[in-house]
Amino acid sequence: MSVSYISKRLLRAVITMWLVITFIFIILRITGDPTDTLLPDDTPPEVVAFYQEAWGLDKPLHEQYVLYFKSVFQGDLGRSFRDNRDAVELVLERIPATLRLGGTALGLALLFGILLGMVAALHRNSVMDRMTMAFAVFGYSMPNFFLGILLIYLFAMNLRLLPSAGSETMAHMILPLITITTSQAAGIARFSRSAMLEVLNEPYIRTARAKGLSYWRRLLRHTLPNAMIPIMTIAGLKVGHVIGGAIITETVFAWPGVGRLLIMSVAARDLAVVQTIVLMLSCSMITANLAVDLLYGWVDPRIRIGKNEEGR
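Residues in the sequence shown are numbered consecutively from 2, following our numbering.
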């Protein structure tokens, strides 16, 4: 893989991160003063001025921006306005719960989504294909919060089989896991089916069949490797989708993860915590996409050759 290919992807990742940080910094500060939310309405003006100075909100916006970037490069992401604790420490406490839920959901979504999509493509226009596409349409169109509420109503309130909130036992994980996995697996199944059908219609597959290669050899040696190339792209994007879906799902099921902390911090206008969470989520999404880009270039020789890019 060429140095030019890697350097361009790294530069794009750095620029994207800078844009995300700048955008969230400006939006959080032009939408209101955190002291209006965190302090009582009858707080004396001198007390409000004290907290604004302590939190650095009394300075012009451009000065706050420069100071924030300096702090980020020094590893200081600020302190929580609400808890007066280090923002990174607060977020790190919630990461294991989010990784446990989101990571498991992502693994299951990739497993079932790719398998269902490929089986549907290999049995095109069959009952299996129609059932898979019906599931894909249902899962893709159903909002996470609504599906979560339906599952709570059915399994927690009516049947009383599963708990509706918390994270104390494995049983508490089942409903939020189903909620996230359903929507993500549906999208992956649709994409996998399309990728598989595209490869099955390629001339080299027909040539392999004409040469007398067995079904399983055509499938394992020619069809699957080529179909997995575009599927890797959607897999990288789904990392961000799972995290985004977890924000709503964690709130619905009171799951003590980063997503629920983000919602609470936005409501309280706890700027340091919100910025820290967005920064970490952006890093994870950009890193995942960068890894997919590099892996894509390693798998596909047409992409990894730097001369081809320069000559376009």
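Glycine included, C-beta positions come from ideal geometry on N, C-alpha and C. None of the values given here were measured: they were computed from a predicted structure.
Check                                                                                                          : Outcome
Proximity to Phe74 [Cα-Cα], best of Trp56, Met18, Pro45, Leu117                                                : Met18
DSSP beta-bridge partners of Asp87                                                                             : Arg80
First through last residue of the alpha helix (DSSP H) which encompasses Gln75                                 : Where Gln75 is concerned, there is no enclosing alpha helix (DSSP H), given that its DSSP letter is neither H nor E.
Gly114 versus Gly188 - alpha carbon distance                                                                   : 7 angstroms
Residue environment, Met174, which counts as buried when at least 16 other CB atoms sit within 10 Å            : buried
Check whether Phe82 and Arg270 have beta carbons under 9 angstroms apart                                       : yes
Own chain residues within Cβ distance below 6 angstroms of Leu162, not counting five before or after           : Phe156
Sub-9 angstroms separation of Val49 and Thr36 beta-carbons                                                     : yes
Gln276 beta carbon less than 9 angstroms from that of Ile25                                                    : yes
CB contact flag (Thr23, Tyr52, <9 angstroms)                                                                   : no
Secondary structure of Met158, DSSP reduced to three states                                                    : helix
Local Cβ density within 10 Å of Met286, reported as buried at 16 or more and exposed below that                : buried
Under 9 angstroms between C-beta atoms of Met233 and Val293                                                    : yes
Rounded separation between Met119 and Lys212 - CA only                                                         : 23 angstroms
Run of the alpha helix (DSSP H) containing Gly173, from where it starts to where it stops                      : Here residue 173 turns out to be His, not Gly, going by the sequence shown. Looking at the DSSP string, the run of the alpha helix (DSSP H) that includes His173 is 172-201.
Which of helix, strand or coil DSSP assigns to Lys239                                                          : helix
DSSP-derived helix/strand/coil call for Gly314                                                                 : No answer is possible for residue 314: it lies beyond the span of the chain, which begins at 2 and ends at 313.
C-beta contact flag for Asp34 and Leu58 at 9 angstroms                                                         : yes
Rounded straight-line distance, which links the Cα of Leu282 to that of Val138                                 : 28 angstroms
Alpha-carbon spacing of Leu93 relative to Ile181, whole angstroms                                              : 22 angstroms
Proximity winner among Asn290, Leu214, Pro257, relative to Pro231 (alpha-carbon distances)                     : Asn290
Touching by the beta-carbon criterion (3+ pairs, under 8 angstroms), the region 134-150 and the region 249-258 : yes
Exposure label - Arg194; buried when at least 16 CB within 10 Å                                                : buried
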